[in-house]
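Order-wise, the sequence lines are chains F and Z.
Throughout, the numbering used here is defined as the position within the first sequence, counted from one, plus 1159.
Throughout, the numbering used here is defined as the position within the second sequence, counted from one, plus 3.
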Amino acid sequence: EADIYQTPRYLVIGTGKKITLECSQTMGHDKMYWYQQDPGMELHLIHYSYGVNSTEKGDLSSESTVSRIRTEHFPLTLESARPSHTSQYLCASNSQGEASPLHFGNGTRLTVT
Amino acid sequence: GQQVMQIPQYQHVQEGEDFTTYCNSSTTLSNIQWYKQRPGGHPVFLIQLVKSGEVKKQKRLTFQFGEAKKNSSLHITATQTTDVGTYFCAGPPTGGYQKVTFGTGTKLQVIP
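Below is the structure:
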């Protein structure tokens, strides 16, 4: 059913490791987003992209970085993971236009030990 | 920056009772969207409202968009255990359609 795919689904890594969370969508959407969400809590926008070669920081400051080299692909990278990065990361996309709903991936649950 | 608050934060209801969550934005919204997130899942789009004062229904769910386009509500009639989850409103501010800000969410628990 999902048209937006995130890998891995779960990730447990040690402090200091570099990680990349993958997000791909097959809907041809121009706009893509990364949200960070602690269990049962709010969704915080950390990055978004209008299209290829466009990236912007969201409302919540994050040490992660993103890239948008292809329309369908919007990976998120943490150069040096810390326990404070433990959270769920949700990728979403939507098409152009003000009233376009967001489609979410299943998320990556990251634990940094 | 834009803030979107929802009340209540948590709600426990007996199955069959009604439930309402309220969404208030600090800025005027171009549209309001509602999402449902089941425990352990990801947010799933329910509906969007665009016009001032708009009311839409989906079976037992009724959605309203305020006249000033700064608030919205979701009302569920006769809750069922399948309604369990967290309900989020979301919307871009007028003129800022690139960024969708989510509300703080209301977690609904239905007691059978």
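Think of the CB as a built atom: it goes at the ideal place given N, C-alpha and C, for glycine as much as any other residue.
Distance, residue j Cα to residue i Cα
{"i": "G1175(F)", "j": "E1238(F)", "result": "8 Å"}
{"i": "F68(Z)", "j": "D1162(F)", "result": "29 Å"}
{"i": "W37(Z)", "j": "G1266(F)", "result": "19 Å"}
{"i": "M1191(F)", "j": "K110(Z)", "result": "26 Å"}
{"i": "C1182(F)", "j": "F1233(F)", "result": "5 Å"}
{"i": "T31(Z)", "j": "A1251(F)", "result": "23 Å"}
{"i": "E1222(F)", "j": "V1271(F)", "result": "14 Å"}
{"i": "T23(Z)", "j": "Q83(Z)", "result": "14 Å"}
{"i": "Q17(Z)", "j": "A1240(F)", "result": "43 Å"}
{"i": "R41(Z)", "j": "P95(Z)", "result": "23 Å"}
{"i": "F1263(F)", "j": "Y1207(F)", "result": "13 Å"}
{"i": "D1218(F)", "j": "V7(Z)", "result": "13 Å"}
{"i": "G19(Z)", "j": "P115(Z)", "result": "9 Å"}
{"i": "I1172(F)", "j": "T1166(F)", "result": "14 Å"}
{"i": "G1256(F)", "j": "D21(Z)", "result": "34 Å"}
Exposure of residue i, with buried meaning 16 or more beta-carbon neighbours within 10 Å
{"i": "I79(Z)", "result": "buried"}
{"i": "Q12(Z)", "result": "exposed"}
{"i": "K72(Z)", "result": "buried"}
{"i": "R1227(F)", "result": "buried"}
{"i": "T1185(F)", "result": "exposed"}
{"i": "Q9(Z)", "result": "buried"}
{"i": "V1225(F)", "result": "buried"}
{"i": "P1198(F)", "result": "exposed"}
{"i": "N1253(F)", "result": "buried"}
{"i": "V1211(F)", "result": "exposed"}
{"i": "V58(Z)", "result": "exposed"}
{"i": "S1259(F)", "result": "buried"}
{"i": "Y90(Z)", "result": "buried"}
Under 8 Å between C-beta atoms of residue i and residue j
{"i": "Y1248(F)", "j": "L1261(F)", "result": "no"}
{"i": "I1178(F)", "j": "W1193(F)", "result": "no"}
{"i": "D1189(F)", "j": "Y1209(F)", "result": "yes"}
{"i": "S55(Z)", "j": "F66(Z)", "result": "no"}
{"i": "C26(Z)", "j": "G106(Z)", "result": "yes"}
{"i": "Q1196(F)", "j": "S1246(F)", "result": "yes"}
{"i": "T1230(F)", "j": "G1187(F)", "result": "yes"}
{"i": "L77(Z)", "j": "L64(Z)", "result": "yes"}
{"i": "C92(Z)", "j": "I50(Z)", "result": "no"}
{"i": "T97(Z)", "j": "S33(Z)", "result": "yes"}
{"i": "E1201(F)", "j": "G44(Z)", "result": "no"}
Three-way DSSP call (helix, strand, coil) for residue i in this model
{"i": "S1243(F)", "result": "helix"}
{"i": "F1233(F)", "result": "coil"}
{"i": "G94(Z)", "result": "strand"}
{"i": "K1190(F)", "result": "strand"}
{"i": "T1185(F)", "result": "coil"}
{"i": "T1267(F)", "result": "strand"}
{"i": "T109(Z)", "result": "strand"}
{"i": "N1253(F)", "result": "strand"}
{"i": "Q5(Z)", "result": "coil"}
{"i": "N1212(F)", "result": "coil"}
{"i": "I114(Z)", "result": "strand"}
{"i": "N34(Z)", "result": "coil"}
The ligand NAD heavy atom lying under 7 Å from the CB of residue i
{"i": "S1183(F)", "result": "Absence of the ligand NAD from the depicted structure is noted, as is the absence of any ligand whatsoever, leaving it without description."}
| query | Mind pulling the alpha helix (DSSP H) runs of 4 or more residues that sit fully within the segment 46 to 92 of chain Z? | reply | none
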